[in-house]
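All remarks here apply to the structure that follows.
In the working numbering, the protein residues as written are 6 to 68.
Rendered as structure tokens:
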């Protein structure tokens, strides 16, 4: 079985952070603190999505 590469692990870690931040923000009562937490969760989601483009992908060796 192949071990996941570090870029795959990092991407999943960023995804997990974004989901956790969003869950915590949704638990807060309405108000400025919740709005700020939702903004931060959104920024984490954008960062997690951008990791797909900037993280190196494993390539097959040339034949």
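Beta carbons: idealized from backbone N, C-alpha and C, even for Gly.
Could you give the residue range of the alpha helix (DSSP H) that holds residue i?
| i | result |
| --- | --- |
| residue 68 | Element bounds for residue 68: n/a, residue is neither H nor E. |
Is residue i helix, strand or coil when you go by DSSP?
| i | result |
| --- | --- |
| residue 60 | coil |
| residue 39 | helix |
| residue 33 | coil |
Would you mind sorting residue i into buried or exposed? The rule is 16 or more other CB atoms within 10 Å of its CB.
| i | result |
| --- | --- |
| residue 21 | exposed |
| residue 33 | exposed |
| residue 49 | buried |
Does the beta-carbon distance from residue i to residue j come in below 8 Å?
| i | j | result |
| --- | --- | --- |
| residue 46 | residue 23 | yes |
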